[in-house]
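Below is one structure, written out as structure tokens; the observations come after it.
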Amino acid sequence: MEHFIINIFSAIVEYFAIYAFLWIFYDRDPQRRHWRMACHMIMPVLFFLFSGYVTNIYLRPILFVGCTILIAQGFQGNTGQRIFSVAVFQIILISLEIIISLSLQPMKDISFETFYFGGNIFARLVTLGVLILLFWCSQKKRIIFDPLRLHYIFILLLFSALSLFFVLFSHFLLLLADIPSLFSLGCLGILLAVFTNICLYYLFYQLAVGETAKAKLQVINAHVSQQKEAQAQLEQTHQQVRKLHHDMKHYLIAIAGLLKQNQVAEAQMELEKQLQTIAHTRLFDTGYPVLNSVLAYKFEQAQSKAITPQLFWNINTPLQIHVVDLAVILVNGLDNAIEAACQVTATQPFLSVYAELKSGYIKVRIINNTHIDPVIVNGTIATTKQDKAFHGLGLESIAALCRQYQGQSFLECENHLFTLMVLLQNTAPTPLEF
């Protein structure tokens with residue numbers, strides 16, 4: 000009976016180890032969900048049969064590796080790399096089990112049977128320890144830990160540490176007791192501790208998903224508020240244009256009257272006065288009302304924060320891209336530029352927007368001065384903000400739009416001068432593949 004319990008315990012842990020290894024390094028294939036469910040039901044049974052009833056030491060590793068390859072089919076990624084990595088991991092586990100088994104030598108006061116059971120449990124504990132180390136060194140830990148607050152992470156790690164202490168202490172007591180019949184209870188206790196930790200991590204994962212959704216909702220609400228402000232600015236700009244058109248008609252009539260009376264000097268003074276009025280009225284003529292509104296709104300925001308904005312627009316050819324996509328790029332780029340330029344105190348903060356169309360590509364550059372040179376890692380800005388998961392969403396949005404137009408975005412910073420460069424092919428967008 001003790002052997003039966005030990006073999007079941009080993010089969011469950013071995014299958015969990017393989018599946019967890021694949022989850023750590025690869026994404027699950029949503030189209031092969033039923034395949035994974037079948038593996039959940041069949042593979043632990045096969046591991047149990049192979050470990051308990053296959054005595055050929057050369058055949059067992061081949062069978063285990065074959066099962067491992069079948070489990071790997073439920074995940075995404077390069078097929079060869081996925082199968083090779085998980086097969087190597089399985090071979091390492093088999094080698095670890097063989098080394099531990101061969102190193103066991105029965106002591107005078109403890110039977111070989113007890114050493115066999117204890118060594119089997121110890122091998123599975125080492126397997127779980129290897130998985131924990133791999134998980135901690137992988138990028139997947141961000142899924143759970145990054146969105147959570149510090150006290151949640153402390154509770155999670157503390158519970159895991161206590162569970163590990165309980166498992167190791169139980170194993171130590173089982174070895175001291177030297178009662179093989181108790182090893183079945185020890186296996187059940189270890190499985191319970193592992194299952195409890197899995198449930199706890201799953202609950203905290205759901206909590207992290209909720210925190211992520213809440214933060215994303217805040218970001219969406221902020222963008223909606225910005226869109227409402229931009230819409231209000233568009234209406235205000237429209238009213239300005241109408242008023243300017245109405246007033247200019249009267250001023251032109253007055254200037255024409257002065258010229259008819261040969262009062263050239265007065266007419267010239269009035270004309271210069273109106274030209275200055277137009278110059279101080281920040282209206283843009285990119286040829287697209289949406290872009291005019293976005294630039295006027297963002298430049299007004301910059302001026303309200305003592306930032307000097309400049310625009311150099313050299314696009315006269317009709318745009319084939321969706322103008323709203325270009326507006327989104329400008330909004331996200333100018334948001335980051337205004338935020339960075341606000342922190343400049345040593346010199347006059349400024350931002351400049353350059354736009355031109357050459358060889359079928361739209362080239363947009365947004366340049367601003369900065370207080371310090373930010374660290375650029377993998378095409379994004381390393382941040383010290385508390386909302387690390389969401390800072391940089393604007394740059395991610397820009398990069399996604401660039402991919403739709405077979406383009407690319409670049410970040411550069413030198414001597415406190417930050418540049419965002421965007422290249423877009425002037426064609427209809429290509430749908431993104433997910």
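Just so we're aligned, residue 0 is where the sequence shown starts under numbering that gives the first Met the number 0, counting upward by one. Where a beta carbon is used, it is the ideal one built from N, C-alpha and C, also for glycine. As the structure is a computational prediction, the values presented were derived from the model and not from experiment.
Under a three-way DSSP split, which group does residue i fall into?
{"i": "Lys259", "result": "helix"}
{"i": "Gln424", "result": "strand"}
{"i": "Thr429", "result": "coil"}
{"i": "Leu127", "result": "helix"}
{"i": "Asn315", "result": "coil"}
{"i": "His321", "result": "coil"}
{"i": "Asp284", "result": "coil"}
{"i": "Ala345", "result": "coil"}
{"i": "Tyr18", "result": "helix"}
{"i": "Ser137", "result": "coil"}
{"i": "Asn55", "result": "coil"}
{"i": "Gly185", "result": "helix"}
{"i": "Gln300", "result": "helix"}
{"i": "Gly406", "result": "coil"}
{"i": "Arg35", "result": "helix"}
{"i": "Arg148", "result": "coil"}
Going by beta-carbon coordinates alone, are residue i and residue j separated by less than 8 Å?
{"i": "Asn425", "j": "Leu329", "result": "no"}
{"i": "Ala340", "j": "Asn367", "result": "yes"}
{"i": "Val53", "j": "Ile90", "result": "no"}
{"i": "Val352", "j": "Ile365", "result": "yes"}
{"i": "Val85", "j": "Ile131", "result": "no"}
{"i": "Val322", "j": "Leu290", "result": "yes"}
{"i": "Ser137", "j": "Phe24", "result": "yes"}
{"i": "Leu257", "j": "Glu269", "result": "yes"}
{"i": "Ile254", "j": "Ala264", "result": "no"}
{"i": "Leu350", "j": "Ile306", "result": "yes"}
{"i": "Leu92", "j": "Glu13", "result": "yes"}
{"i": "Leu423", "j": "Tyr360", "result": "yes"}
{"i": "Leu133", "j": "Ala71", "result": "no"}
{"i": "Ala326", "j": "Val293", "result": "yes"}
{"i": "Pro428", "j": "Gln407", "result": "no"}
{"i": "Ala207", "j": "Phe165", "result": "no"}
{"i": "Ser94", "j": "Ser50", "result": "no"}
{"i": "Val343", "j": "Thr316", "result": "no"}
{"i": "Phe203", "j": "Tyr151", "result": "yes"}
{"i": "Ser159", "j": "Asn196", "result": "yes"}
{"i": "Gly393", "j": "Asp324", "result": "no"}
What number of angstroms, rounded off, separates the C-alpha of residue i from the C-alpha of residue j?
{"i": "Gln302", "j": "Ala336", "result": "13 Å"}
{"i": "Val87", "j": "Ile61", "result": "12 Å"}
{"i": "Leu251", "j": "Ala295", "result": "26 Å"}
{"i": "Ile371", "j": "Asn331", "result": "20 Å"}
{"i": "Phe46", "j": "Thr67", "result": "10 Å"}
{"i": "Cys401", "j": "Ile189", "result": "51 Å"}
{"i": "Gln75", "j": "Ala354", "result": "40 Å"}
{"i": "Gly185", "j": "Val44", "result": "21 Å"}
{"i": "Val421", "j": "Gly73", "result": "38 Å"}
{"i": "Gln275", "j": "Glu413", "result": "36 Å"}
{"i": "Gln205", "j": "Leu199", "result": "10 Å"}
{"i": "Leu161", "j": "Phe153", "result": "12 Å"}
{"i": "Lys304", "j": "Thr285", "result": "24 Å"}
{"i": "Gln273", "j": "Arg241", "result": "16 Å"}
{"i": "Ile397", "j": "Gln405", "result": "12 Å"}
{"i": "Glu411", "j": "His245", "result": "45 Å"}
{"i": "Lys213", "j": "Arg148", "result": "13 Å"}
{"i": "Pro348", "j": "Gln300", "result": "13 Å"}
{"i": "Leu419", "j": "Ile7", "result": "58 Å"}
{"i": "Pro308", "j": "Ser358", "result": "28 Å"}
{"i": "Asn55", "j": "Leu216", "result": "58 Å"}
{"i": "Leu155", "j": "Leu172", "result": "26 Å"}
{"i": "Met247", "j": "Phe311", "result": "26 Å"}
{"i": "Phe194", "j": "Ile11", "result": "11 Å"}
{"i": "Lys362", "j": "Glu395", "result": "18 Å"}
Using a C-beta cutoff of 8 Å, does residue i count as contacting chain C?
{"i": "Tyr200", "result": "Absent from the structure is chain C; it holds one protein chain and no more."}
Taking DSSP's pairing of strands, which residues face residue i in a bridge?
{"i": "Thr418", "result": "Ile366 and Glu411"}
{"i": "Val293", "result": "Note: Val293 sits in no beta bridge, so no partner."}
{"i": "Arg27", "result": "Phe74"}
{"i": "Pro308", "result": "Leu350"}
{"i": "Tyr360", "result": "Lys357 and Gln424"}
Can at least three beta-carbon pairs, one atom from the segment 30 to 40 and one from the segment 76 to 83, be found at a separation below 8 Å?
With the cut-off at 8 Å, the segment 30 to 40 and the segment 76 to 83 do not touch.
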